[in-house]
Amino acid sequence: MASDSPAARDAAEPDRGPSVEALAAGIRAGDRAMLGRAITLVESSLPAHRAQAQRLLAELASAPGDAIRLGVSGVPGVGKSSFIEALGTRLTAAGRRVAVLAVDPSSRRSGGSILGDKTRMPRLAVDPAAFIRPSPSGGALGGVAEKTRESIRLCEAAGYDLVIVETVGVGQSETLVAGMVDCFLVLMLPGAGDELQGIKRGILELADLIVVNKADGRGMEAALRARAELASALQLLQPPHPGWRPPVLTCSALTGEGLDAVWAAVERFRDHLRASGAWEAQRRRQRLAWTWALVESGLREALHSRPAVVAIRAEVEAAVAEGRLSPAAGAARILAAFGRQQDGDAD
Ligand SMILES: Nc1nc2c(ncn2[C@@H]2O[C@H](COP(=O)(O)OP(=O)(O)O)[C@@H](O)[C@H]2O)c(=O)[nH]1
Ligand SMILES: [Mg+2]
12 MASDSPAARD AAEPDRGPSV EALAAGIRAG DRAMLGRAIT LVESSLPAHR AQAQRLLAEL
72 ASAPGDAIRL GVSGVPGVGK SSFIEALGTR LTAAGRRVAV LAVDPSSRRS GGSILGDKTR
132 MPRLAVDPAA FIRPSPSGGA LGGVAEKTRE SIRLCEAAGY DLVIVETVGV GQSETLVAGM
192 VDCFLVLMLP GAGDELQGIK RGILELADLI VVNKADGRGM EAALRARAEL ASALQLLQPP
252 HPGWRPPVLT CSALTGEGLD AVWAAVERFR DHLRASGAWE AQRRRQRLAW TWALVESGLR
312 EALHSRPAVV AIRAEVEAAV AEGRLSPAAG AARILAAFGR QQDGDAD
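For the sequence shown, counting from 1, position 132 maps to 143 in our numbering; every step adds exactly one.
Here it is, written out as structure tokens:
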């Protein structure tokens, strides 16, 4: 990190592989290996790589972007990977190209879930019309989400017409993923209590489509019951898009039953939103929201690394903690150190 010019840093690491131009050309040609390398670049947090990644994304800005971005969510074990494998292979058999990205902030903690995902998609993993990418490892959830968002763009530019983002049904990752896809599909288990499924209004409010999986064998009856319960629970919620009441369906990733109807519902959703302009409007909103999220995280970083802030931080914190300084006065001092008016528009 000694040099401060990006060009100098690039030159200092000549062994990193293809140039941005070569990556862009490879991606436009639909080359999976190049797509994989480009995603590796996007996932890197080295400043030189970040700069290259941004150049690559700019280079590809005019590439097609009309894929369906589908988020697939649900608690671990609900069958997300199995569902994506089963749906994905059906779609590639029908001539579509399918990319799968995973957002799994828990992959470190739970261990092995990335491997698990790989083994759950054995057919898709060797399907030439499919591309599977496990979650970028490490980093804060926001960072993982940023990389996933950029990876989606790369997949689209490579000609995938469906980009599926698999997420874990935990807290904030749901909101982040819902904010980067066109259609947010939530998988549910039959016969598990609401509590177990994390059905706090939150996730249902995000859902464009709800699917009870494992509607097979002895699970069939429970699945139908869950479907009815969910449908009535949804009545109480505001629909995510005007005129679209999220359908509640059942399927089995194991037998394939119901998957065609799920896909039909995704297409119906797309057609409904496209007809009203809501599809493009949502993408515009998402782009703006993401821009501001980046601005805010950049500001936060700048705040915490500003020497003047670092210099007074411990002292201000101690004074506030001991009650010698009010929180508002402490905040004002820190903001002043950051370079803002003490009595300005600090809040
Ligand atoms: N009976 C049945 N089992 C399923 C179905 N889908 C997934 N499973 C099983 O549920 C377990 C978890 O599946 P997985 O796809 O890894 O779930 P994920 O953690 O949500 O990705 C595995 O043992 C699957 O074989 C289904 O439709 N029916
Ligand atoms: Mg999985």
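Using N, Cα and C, we set each Cβ at its ideal position, and we do this for glycine too. Being a predicted model, the structure only gives us computed values, none of them experimental.
Going straight from the alpha carbon of residue i to that of residue j, what length do you get?
i    : j    : result
A94  : S263 : The question names Ala, yet the displayed sequence has Phe at residue 94. If you take the alpha carbons of F94 and S263, they lie about 8 Å apart.
R48  : H252 : 37 Å
V223 : K91  : 11 Å
E232 : P201 : 8 Å
D354 : A330 : Residue confidence is low: D354 scores 45 on pLDDT, short of 50, so the model does not pin down where it sits. Its coordinate-derived value is still stated next. Straight-line Cα distance between these residues: approximately 19 Å.
R256 : A272 : 16 Å
E70  : V321 : 38 Å
L217 : L235 : 22 Å
A313 : A62  : 18 Å
V89  : I345 : 46 Å
H60  : W303 : 22 Å
E328 : R311 : 17 Å
A44  : Q183 : 31 Å
H283 : R160 : 24 Å
S287 : Q293 : 11 Å
A64  : V53  : 5 Å
R296 : A325 : 39 Å
A319 : A347 : 9 Å
A36  : G28  : 14 Å
R39  : V277 : 26 Å
H315 : R335 : 23 Å
V306 : I323 : 24 Å
D42  : K158 : 20 Å
L135 : S146 : 16 Å
W274 : L247 : 25 Å
P338 : G309 : 23 Å
G127 : G190 : In this prediction, G127 has a pLDDT of 44, which is less than 50 and means its spatial position is unreliable; what the coordinates show is noted afterwards. Taking the straight line joining both Cα atoms gives about 26 Å.
S30  : A342 : 45 Å
P250 : G76  : 26 Å
L245 : A72  : 38 Å
Could you spell out where the alpha helix (DSSP H) holding residue i opens and where it closes?
i    : result
L196 : Per DSSP, L196 belongs to no alpha helix (DSSP H); it is in the beta strand (DSSP E), C194 to M199.
V320 : P318 to A332
V53  : R43 to E54
T103 : K91 to A104
L235 : M231 to Q246
L34  : V31 to R39
P253 : Segment: none, P253 is in no alpha helix (DSSP H) and carries neither H nor E.
A342 : P338 to F349
Alpha carbons only, please: which of the options is nearest the one belonging to residue i?
i    : options                   : result
R298 : D271, L98, R164 and R61   : R164
V259 : L247, M199 and A156       : M199
V188 : H283, D227, T103 and A300 : A300
E291 : R43, A78, L57 and H60     : A78
I175 : A113, A97, W274 and P257  : A113
P133 : A156, S162 and L98        : L98
I221 : E32, L81 and A313         : L81
R144 : E96, S184 and A105        : E96
R108 : G170, S162 and A156       : G170
A104 : D138, A72 and P87         : D138
S55  : S316, S162 and A44        : S162
A289 : G254, Q249, A72 and G228  : G254
D172 : E307, G106, A136 and S243 : G106
R229 : L265, A244, G341 and G309 : L265
T261 : E333, A242 and V155       : A242
G51  : G76, P338 and V155        : According to the sequence displayed, residue 51 carries Thr and not Gly. Looking at the Cα atoms, V155 is the closest of the given residues.
V83  : L135, D219, Q249 and E333 : D219
How about residue i and residue j: are their beta carbons less than 8 Å apart?
i    : j    : result
R101 : L270 : yes
A226 : E268 : yes
G85  : V197 : yes
E240 : I214 : no
C166 : F195 : no
L46  : L67  : no
A168 : A74  : yes
F280 : R317 : no
E32  : V111 : no
V179 : P58  : no
Can you name the start and end residues of the beta strand (DSSP E) that residue i belongs to?
i    : result
L81  : I79 to S84
L71  : Run containing L71: none; DSSP gives neither H nor E here.
V374 : Look at the range of the chain in this structure, 12 to 358, and you will see that residue 374 is not part of it.
V394 : In the structure as shown, the chain begins at 12 and stops at 358. Residue 394 is therefore absent and cannot be evaluated.
A141 : A141 to R144
V179 : That residue, V179, is in no beta strand (DSSP E); it is neither H nor E in DSSP.
V222 : L220 to V223
L135 : L135 -> not in any beta strand (DSSP E); alpha helix (DSSP H) instead, spanning P133 to A136.
L260 : V259 to T261
Any chance the CB of residue i is under 7 Å from a heavy atom of ligand 4?
i    : result
S184 : This structure simply doesn't include ligand 4; it includes ligand 1 and ligand 2 instead.
Could you check whether the Cβ of residue i sits closer than 8 Å to any Cβ belonging to chain B?
i   : result
A72 : Absent here is chain B; the protein component of the structure consists of one chain.
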